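Remarks on the structure that follows.
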Ligand code: KG4
Ligand code: ZN
């Protein structure tokens, strides 16, 4: 079956079509189309995501992205061409359907007009369902994608599959080998560490779609801490990649000068909650420590920025590794999944690869990381999660007519 998927939970507008087949235990996936527009440049000047701007941009971008994705997937059939070739009339939207989608999209500025124009040009594409993120995230942003998906589900009479964005990040690790993936004997229990701009969670997965949150941040998310520290150092939003680049430069410089000093920094930072008895995290104190260090300095030179970035990144890595290791041991996990935008961080990827390679062979743990293009928000992961949900819950087109966006949705 082909799933059209839509993601608008934050500052990325994304649409994909995934071809999915196979049973729950052995599905396979192929990306047929995948389009994404990032709003980073627009939000940069605000130093973070500005919700009403994000909403407006999603409404502007969804129809062009849908059109592009359908073309990539060879599902874009012009109505008149089809009619001409097959001597049958193009699919006409009934007035009732038009009124219905106008009502669904009444709060999404300009989206109804754009969608109506596209729908009048094309045949109903051969998709089987529409999957969409309905939380967690920024509610105004989530609503645009959800209403868009509801409108498509209604006008094309396809089932709607609502997806939790964090479940999407979990499934993002399943897509490998460029565009295709076949699941091969993943073993349970699994531990998933989700690290993004809004979340830091350790999750126990006893079976597909069966989640228990065993630990989470008590204040800032990891990505949020990266972004805030970056801001203190005068780096642009989102700061994670900039911190990571500076930290890497610092490590290389230290390696060149004196290897024995590699882990000693003049800016020692704490490792919050590293020895606590639970699986919770706290990153707000780490960020404040950076602030205090900076305040004492007469000038923040480029050299100091690099050194702070390295020590901050090391502190984050130490805490993430320590807590995850404890969770793997306690639950006797066979698989470790790491998902969320912060997985793009090279040092974090390296540290987890080392952790897993060091485990004794009788306790072997399989590490699953998303390929870098799928670590930040995208619609591919929503389509994959959609297939699992569809297999489990088999829905019909009218099941989610009254569904609301849920900014604080939990797994
Ligand atoms: O998952 P995501 O794209 O959006 C949310 O759902 O939050 O994650 C975005 C977060 C941002 O905080 C960004 O700074 C962080 O991921 N990030 C990184 C790196 N690349 C992105 N953090 C550290 N190192 C990176 N290389
Ligand atoms: Zn995300």
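In our numbering, the protein residues as written are 45 to 455. Note that CB positions come from ideal geometry on N, CA and C, so glycine has one too. Small disclaimer: the values here were computed from a predicted structure and weren't measured.
| query | result |
| --- | --- |
| Could you spell out where the beta strand (DSSP E) holding residue 178 opens and where it closes? | 173-179 |
| Have a look at 267, 248, 266 and 252 and flag the residue whose alpha-carbon is nearest the alpha-carbon of residue 258. | 248 |
| Give me the DSSP bridge partner(s) of residue 251. | 254 |
| Note down the Cα distance separating residue 265 from residue 101, rounded to an integer number of angstroms. | 25 Å |
| Using C-beta distances below 6 Å, list every residue in its chain close to residue 132, excluding the 5 sequence neighbours before and after it, in chain order. | In this predicted model, residue 132 has a pLDDT of only 47, less than 50, meaning its place in the structure is not dependable; the value taken from the coordinates is given anyway. None. |
| Is the distance from the Cβ of residue 263 to the Cβ of residue 241 below 9 Å? | no |
| Please find out if some non-hydrogen atom of ligand 2 comes closer than 8 Å to the beta-carbon of residue 271. | no |
| Can you tell me whether residue 261 sits near ligand 1, meaning its C-beta is under 8 Å from at least one heavy atom of the ligand? | no |
| Classify residue 410 as helix, strand or coil using the three-state DSSP reduction. | strand |
| Is the CB-CB distance between residue 153 and residue 177 below 9 Å? | no |
| Answer yes or no: do residue 273 and residue 315 have a C-beta to C-beta separation smaller than 9 Å? | no |
| Please name the residue or residues paired with residue 64 in a DSSP beta bridge. | 73 |
| Measuring only from the beta carbon, is residue 421 closer than 8 Å to any heavy atom that is part of ligand 2? | yes |
| Taking contact to mean at least 3 C-beta pairs separated by less than 8 Å, is the segment 385-393 in contact with the segment 286-295? | yes |
| Roughly how many whole angstroms lie between the Cα atoms of residue 310 and residue 214? | 37 Å |
| Under 9 Å between the Cβ atoms of residue 381 and residue 239? | no |
| Comparing C-alpha positions only, which one of 185, 142, 179 and 322 sits nearest to residue 164? | 142 |
| Within the present structure, is the beta-carbon of residue 209 separated from the nearest heavy atom of ligand 2 by less than 8 Å? | yes |
| Does the separation of the CB atoms of residue 439 and residue 204 fall below 9 Å? | yes |
| Could you tell me how far apart the beta carbons of residue 112 and residue 79 are, in whole angstroms, since I believe they sit closer than 8 Å? | 5 Å |
| Using the rule of at least 16 other Cβ atoms within 10 Å of the residue's Cβ for burial, across every protein chain shown, is residue 109 buried or exposed? | buried |
| From 359, 188 and 116, pick the residue whose C-alpha is nearest to that of residue 448; which is it? | 188 |
| Could you check whether residue 253 and residue 211 sit closer than 9 Å to each other, using their CB atoms as the reference points? | yes |
| For residue 327, which of 267, 436 and 370 has the nearest alpha-carbon? | 267 |
| Got a sec? Which residues, its chain only, sit under 7 Å from residue 250 by beta carbon, not counting five neighbours each side? | 232 and 233 |
| Under a Cβ-count criterion, where at least 16 other Cβ atoms within 10 Å of its own Cβ denotes burial, should residue 57 be classed as buried or exposed? | buried |
| Distance, Cα to Cα, residue 157 vs residue 149? | 9 Å |
| Using a Cβ-Cβ cutoff of less than 7 Å, which residues in the same chain neighbour residue 117 once the five nearest sequence positions on both sides are dropped? | 61, 76 and 77 |
| Per DSSP, what are the beta-bridge partners of residue 383 in this structure? | 238 |
| How many Å lie between residue 383 and residue 140 at the Cα? | 42 Å |
| With DSSP collapsed to three states, give me the class of residue 325. | strand |
| With a floor of 4 residues, list each alpha helix (DSSP H) that falls wholly inside the segment 259-341, ordered by position along the chain. | 266-276, 284-301 and 328-339 |
| Relative to ligand 1, is the shortest distance from any of its heavy atoms to the C-beta of residue 265 smaller than 8 Å? | yes |
| If you drop the 5 nearest sequence neighbours on each side, which residues of the same chain put their C-beta closer than 6 Å to that of residue 52? | 102, 185, 188 and 189 |
| What would DSSP say about residue 244, mapped onto helix, strand or coil? | strand |
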